[in-house]
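2 protein chains.
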Amino acid sequence: MLRLHDYLRSGNGYKVRLLLHQLEIPFELVPVDIEKGESRTPEFLRRNPNGRIPVLELEDGTCLAESNAIQWYLAEGTPMLPEARLPRAQVLQWLFFEQYSHEPYIAVVRHWLHTGLTPERERQLPEKRERGEAALAVMERHFATRAFFVAERYSIADIALYAYTHVAHEGGFDLAAFPALRRWLARVRAEPHHVPITQG
Amino acid sequence: MLRLHDYLRSGNGYKVRLLLHQLEIPFELVPVDIEKGESRTPEFLRRNPNGRIPVLELEDGTCLAESNAIQWYLAEGTPMLPEARLPRAQVLQWLFFEQYSHEPYIAVVRHWLHTGLTPERERQLPEKRERGEAALAVMERHFATRAFFVAERYSIADIALYAYTHVAHEGGFDLAAFPALRRWLARVRAEPHHVPITQG
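Chains as they are written, first to last, in my numbering: chain A, 1 to 200; chain B, 1 to 200.
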């Protein structure tokens, strides 16, 4: 059976859990408490030298890191990933947008508010918030004329961006100004076999 | 003919240029001076609402953003991207490592030293440098027993991480402590049809 080394509060882990549930693939959840340093132990670093969850451990012990790479691995050959060359590249475009222009702001501010604001974090907060808002604005503009990220169908690009957007308010982001984005969040929630971020 | 909207100093753009040269695919370079705000004009934002280079414009006018998504699109079906499911996911793992754990430190510090250190940048510099060093250490550990990132052959994962690692010294990063990484840089440079970052 697949083993997922993961932390329930993590939106990056949630991407993989939600996909596994929607593909109806059974898995064993191995909890890793990142707030207690459990992703930096020698044992964990053998699974991912970069010290981050989630990590998917295959049946032969091979470990795969990076939430969006794991998603791609699992979705290959399923309806969650288009088959044609251009839409596949467009899915990747949004996966990289998520990791570079969205997660470092939306997810990091949520994490900071959860674990506590230091003076240094306070100082960086306005810039983080501004860039997070910019990412949400890019999504709003996209959904003005579209139902999903790619090819007008639900895919791992939607899961990747749903993961931290649907809890953006926990980082103090107000989605009131993004009505098309909120309609997309509702569409994602309505997909079959949807589970909440708290579910292992 | 493919059109690449790009800025020559950019390592992200260089990934695509190097790959196009190595695949011997002709392209037209459309210069975008990001230091003069040319990636934030209304015209550019129609090509990429996220306001970043590089952007690959296909012959029908479709635009694809995110350097690593563009690389994937171009490499599909070539020797630069493995065919089997697991090594493909491992290539993606390194592409996401590059955008999340490497580029925001190695590339950003290089950019800061080029465009000038403000007091705020000075304050953030030690953390940026520490995280950049950590990324280089992850790579060093990998190359202690391997010649390339995935499946012991040159792929777009190597291009993605070569792009900013080979100019890391311009950000004040010293590679002396990473001998295996330096041997890998030399291997990448020795690949057929290699071109420098300054070449359009």
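Backbone N, C-alpha and C fix where the C-beta goes; we use that ideal spot for every residue, glycine too. Computed from a predicted structure; not experimentally measured.
| query | Helix, strand or coil: how does DSSP classify histidine 194/A here? | reply | Along the first sequence, read from residue 1 onward, the residue named residue 194/A stands at position 194. Three-state DSSP puts histidine 194/A in coil, outside helix and strand.
| task | May I ask you to report which of helix, strand or coil DSSP gives arginine 47/A? | result | Walking along the first sequence from the start, residue 47/A turns up at place 47. It is helical.
| message | If the criterion is Cβ atoms closer than 7 Å, does the pair alanine 160/A and leucine 95/A meet it? | response | Start at 1 with the first residue of the first sequence, and residue 160/A comes out as number 160. Start at 1 with the first residue of the first sequence, and residue 95/A comes out as number 95. Yes; because the gap between Cβ atoms is below 7 Å, this pair is in contact.
| said: Am I right that serine 67/A and valine 16/A are in contact with their C-beta atoms under 8 Å? What's the rounded C-beta distance? | reply: If you number the first sequence from 1, residue 67/A lands on position 67. If you number the first sequence from 1, residue 16/A lands on position 16. In this structure, serine 67/A and valine 16/A form a Cβ contact; the two beta carbons are roughly 6 Å apart against a cut-off of 8 Å.
| message | Quick check on DSSP: helix, strand or coil for phenylalanine 97/A? | response | The sequence position of residue 97/A within the first sequence is 97, counting from 1. Helix, per DSSP.
| Listing by chain order, which chain A residues have their CB less than 7 Å from the CB of arginine 85/B? | Translated into positions along the second sequence, residue 85/B becomes position 85. The answer, in chain order, is Tyr73 and Glu76.
| Is glycine 13/B closer than 7 Å to proline 54/B when the C-beta atoms are compared? | In the second sequence, counting from the first residue as 1, residue 54/B sits at position 54. In the second sequence, counting from the first residue as 1, residue 13/B sits at position 13. Yes; because the gap between Cβ atoms is below 7 Å, this pair is in contact.
| Any chain A beta carbon closer than 7 Å to glutamate 152/B | Taking the first residue of the second sequence as 1, we reach residue 152/B at position 152. Glutamate 152/B does not count as touching chain A.
| query | Assuming leucine 81/B and isoleucine 25/B make a contact with CB atoms under 8 Å, what is their CB distance in whole Å? | reply | Locating residue 81/B in the second sequence gives position 81, where the first residue counts as 1. Locating residue 25/B in the second sequence gives position 25, where the first residue counts as 1. Leucine 81/B to isoleucine 25/B, Cβ: 14 Å. No contact.
| task | List the residues that DSSP assigns as beta-bridge partners of alanine 65/A. | result | For the purposes of this step, residue 65/A is taken as the residue at position 65 of the first sequence. When DSSP reads this structure, alanine 65/A sits in a beta bridge with Val55/A.
| said: By DSSP's criteria, aspartate 6/B is part of a beta bridge. Which residues make up the other side? | reply: As a position in the second sequence, residue 6/B is number 6, starting the count at 1. DSSP lists Pro31/B as partners of aspartate 6/B.
| field | Cβ neighbours of valine 188/A in the same chain (closer than 8 Å, five flanking residues each side left out) | value | Stepping through the first sequence from its first residue, residue 188/A is reached at position 188. So the qualifying residues of the chain are Tyr154, Asp158, Ile159, Tyr162, His166 and His194.
| said: Could you compute how far the alpha carbon of isoleucine 70/B sits from the alpha carbon of arginine 46/B? | reply: In the second sequence, the residue the question calls residue 70/B occupies position 70. In the second sequence, the residue the question calls residue 46/B occupies position 46. So the alpha carbons of these two residues sit roughly 17 Å apart.
| request: Could you tell me how far apart the beta carbons of phenylalanine 97/A and leucine 136/A are, in whole angstroms, since I believe they sit closer than 8 Å? | output: Counting from one through the first sequence, the residue named residue 97/A turns up at place 97. Counting from one through the first sequence, the residue named residue 136/A turns up at place 136. Cβ atoms of phenylalanine 97/A and leucine 136/A stay farther apart than 8 Å, at about 12 Å.
| said: For a test of the three-state rule: what should DSSP assign to arginine 153/A, helix, strand or coil? | reply: Numbered from 1 along the first sequence, position 153 holds the residue referred to as residue 153/A. Looking at arginine 153/A - three-state DSSP - the assignment turns out to be strand.
| In chain B, what lies closer than 7 Å to alanine 65/A by C-beta? | Stepping through the first sequence from its first residue, residue 65/A is reached at position 65. Near alanine 65/A (Cβ distances below 7 Å), the residues of chain B are Gln93.
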